[in-house]
Amino acid sequence: MMGVSANVRNGLVLPLLMLFLMQEVEAIWLNLPSAGMKCVSEEIHGNVVVLTDYVVVSDDHAYPTPTISVKVTSPYGDTLHQRENATHGQFAFTTKEPGQYLACFSMMKSNNSGGGSISVNVDWRTGIAAKDWDSVARKENLEGVELEIKKLFGAVDAIHENLLYLKSREAEMRTVSELTNSRVAWFSIMSIGVCIVVSGIQLLHLKQFFQKKKLI
């Protein structure tokens, strides 16, 4: 029975790890209009490697290939990468703080005489997917199964870090929720108190008014 259970666990863990590895690589196609920009973003926790390649493909096969402007910013608005008149390129950075990292692409007006649209292929990789496994294999003399096991261990570590990050975010959200509920409760109590005071003043004013009119 224990052997069956172990096989079941192994059968579940490997697909989960492969699914995680697939989710770490995101190939995105952006269709850029002649005016305006399009952006991609991802919420990433701290100390994570991000590696992205991008290449421009003209929809009408124009020559020379239209160029684009690229700008990558951190959650606090710091510029991590910026380039003008690019047809292809790459940027890489290690996140310093958790949050939404934004990459925006726009067509250069000076190179868009035809007014058509272009497509940009963005290969966005984070975590272990951005790691140069060929260099790791050469440095540590790993081959075949050993390299794949190394990748799986890396995936397990990444999953563990993601779980810890989600747990910390959950704690932060719970703290904010509790603080908001406390403030709403105090605001409700204050509102009730104000209503009682205003009602008392109105009753006192009406009593004085009826006494002056000698109605009571």
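Numbering-wise (our numbering), the sequence shown opens with residue 6 and increments by one. Glycine included, every Cβ here is placed at the ideal spot set by N, Cα and C. Every value quoted in this text rests on a predicted model; they were computed, and no experiment measured them.
task: Could you pull out every residue in the same chain whose Cβ sits closer than 6 angstroms to the Cβ of Glu-89, ignoring the five residues on either side in sequence?
output: Position 84 of the sequence shown, counted from the first residue, corresponds to residue 89. Here the set comprises Ser-74.
Exercise for review: Pick helix, strand or coil for Ser-39, following the three-state DSSP scheme.
Suggested key: Here residue 39 refers to the residue found at position 34 when the sequence shown is read from its first residue. If DSSP states are grouped into helix, strand and coil, Ser-39 belongs with coil.
Going straight from the alpha carbon of Val-189 to that of Glu-151, what length do you get?
By 1-based counting over the sequence shown, the position of residue 189 is 184. By 1-based counting over the sequence shown, the position of residue 151 is 146. Each residue's Cα considered, the two are about 57 angstroms apart.
Worksheet item: What three-state label does DSSP hand His-50 in the structure shown?
Response: Here residue 50 corresponds to residue number 45 of the sequence shown, with the count starting at 1. In the three-state scheme derived from DSSP, where H, G and I count as helix and E and B as strand, His-50 is classed as coil.
For the 8 angstroms Cβ check, are there 3 or more pairs between the segment 40 to 59 and the segment 94 to 112? These segments touch.
message = If distances are taken between C-alpha atoms only, which option among Thr-131, Val-125, Thr-72, Asp-162 comes closest to Thr-100?
response = Stepping through the sequence shown from its first residue, residue 100 is reached at position 95. Comparing Cα positions, the closest option is Thr-131.
Taking all protein chains shown into account, decide if Phe-110 is buried (16 or more other Cβ within 10 angstroms of its Cβ) or exposed.
What you label residue 110 is simply residue 105 of the sequence shown in a count that begins at 1. Phe-110 should be labelled buried.
On the criterion of 16 or more Cβ atoms from any shown chain inside 10 Å, does Thr-180 qualify as buried, or is it exposed? On the sequence shown, residue 180 is found 175 positions in, with the first residue counted as 1. By the neighbour-count rule (16 or more Cβ atoms within 10 Å), Thr-180 is not buried but exposed.
- Query: Which parts of the segment 90 to 156 are runs of the alpha helix (DSSP H), unbroken and 4 residues or longer, counting only runs that do not cross its ends?
  - Reply: Listed in chain order, they are 138 to 145.
| query | Under the three-state reduction of DSSP, which class applies to Thr-72: helix, strand or coil? | reply | By one-based count along the sequence shown, residue 72 stands at place 67. Here Thr-72 sits in coil by DSSP.
Verify whether the separation of the beta carbon atoms of Gln-105 and Ser-46 is less than 8 angstroms.
In the sequence shown, counting from the first residue as 1, residue 105 sits at position 100. In the sequence shown, counting from the first residue as 1, residue 46 sits at position 41. Yes; because the gap between Cβ atoms is below 8 angstroms, this pair is in contact.
Compare the C-alpha of Asn-52 against each of Asn-167, Asp-128, Leu-35 and name the closest.
On the sequence shown, position 47 is the one that residue 52 refers to. For the residues Asn-167, Asp-128, Leu-35, the minimum Cα distance to Asn-52 belongs to Asn-167.
Original post:
Out of curiosity, what's the CA-to-CA distance linking Met-195 and Lys-156?
Top reply: The sequence position of residue 195 within the sequence shown is 190, counting from 1. The sequence position of residue 156 within the sequence shown is 151, counting from 1. Rounded to whole angstroms, Met-195 to Lys-156 spans 58 angstroms at the Cα level.
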